[in-house]
Amino acid sequence: MTRTRDVVAETRRVASYQLVTLLFTSFKSLFIAKSLSHMSTTTPNRLHQLLMQDEDVEKYVITLTSIAEALGLEDFSYTNCFERISRLSEDKLHLELSKLRLEQAETELKDHLAYMNHELALIRKWKEELNEVDLTEKTAMLERKKSMLSAKAKEYQKSLDSAETQIPEVPISITELSEMREGLRKKEQTLKEKRARLQAFQGLPPNLELARLELQGARQEQMQLIQLRERLLSVMASSVS
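The working numbering puts the first residue of the sequence shown at 80, with every later residue one more than the last.
Laid out in structure tokens, this is it:
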């Protein structure tokens, strides 16, 4: 491929050289012919004026001037023209090579982009499949937990039923139970009162008559103590006044 580009570049340089050679040769032949036709009848200055006014010569001059402006030449000689055309041909060749490299790089980038898009599509597909697998595994795990909880609930229910069969049935209602509790409270109160009375009678003789006599003596002593207290209070009041 490099050999082909070199051949193309060389062909263009030869063609440019031939074109410039043809222009210069044609202009030279025309200039000589026009000069010979007027040389015998006019002076050199007049010959120059006539040549500049000639349409054919003017066309060649305009063409060569345009070429010189396009090539950027101030000294439009044959050698300068050919050298500039050769340099332009080389620059063009380098630009074409750069263009080919850029096109090749662009093609490689497009291929790489297509490959990456394909890989991205595969990754997205695998991700969706993994999500579906995870969802399936989670569903299976929830089902297993549900089965375990259901089995445990049945086991607890069985234990409860077994315990209920071992507890004897008591034919009593809540109202009856409340009434029984109130009756027990009243009986406890009565028993407490009787215990207090029994505590008061402790120390008395078991004979009822003797007990009555001791109780009467105790009351007399109590009355004497009350009277003594009254006398003491009277004496204290008298001493204060």
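Here a beta-carbon is modelled for each residue, glycine too, at the ideal position from N, C-alpha and C.
These numbers were taken from a predicted model, which means no experiment stands behind them.
message: I need the straight-line Cα distance from E309 to Q299, nearest angstrom please.
response: 15 angstroms
message: Is Q299 near the ligand MN - that is, is its Cβ less than 7 angstroms away from at least one heavy atom of it?
response: The ligand MN is absent from the structure shown, which contains no ligand whatsoever.
Straight-line Cα distance separating L174 from Q183: 14 angstroms
- prompt: In whole angstroms, what is the alpha-carbon distance linking S241 and A232?
  reply: 14 angstroms
- request: With a 10 Å radius around its C-beta and 16 neighbouring C-beta atoms as the bar for buried, classify R260 as buried or exposed.
  value: exposed
query: Taking the alpha-carbon positions, what's the E234 to M227 distance?
result: 11 angstroms
- request: Mark I164 as exposed unless 16 or more other C-beta atoms lie within 10 angstroms of its C-beta, in which case mark it buried.
  value: buried
- prompt: CA-CA distance, N124 and R166?
  reply: A caution first: N124 carries a pLDDT of 46, below 50, which makes its placement in the model too unreliable to give a value.
query: Who are the near neighbours of Y271 in its chain, counting only those whose CB is closer than 8 angstroms to its CB and skipping five residues on each side?
result: Going by the sequence as given, residue 271 is Lys instead of Tyr. Nothing meets the Cβ criterion.
query: When you compare only the Cα positions, how much space is there between L292 and T269?
result: 29 angstroms
message: Please report the straight-line C-alpha distance between E208 and L221, rounded to a whole angstrom.
response: 20 angstroms
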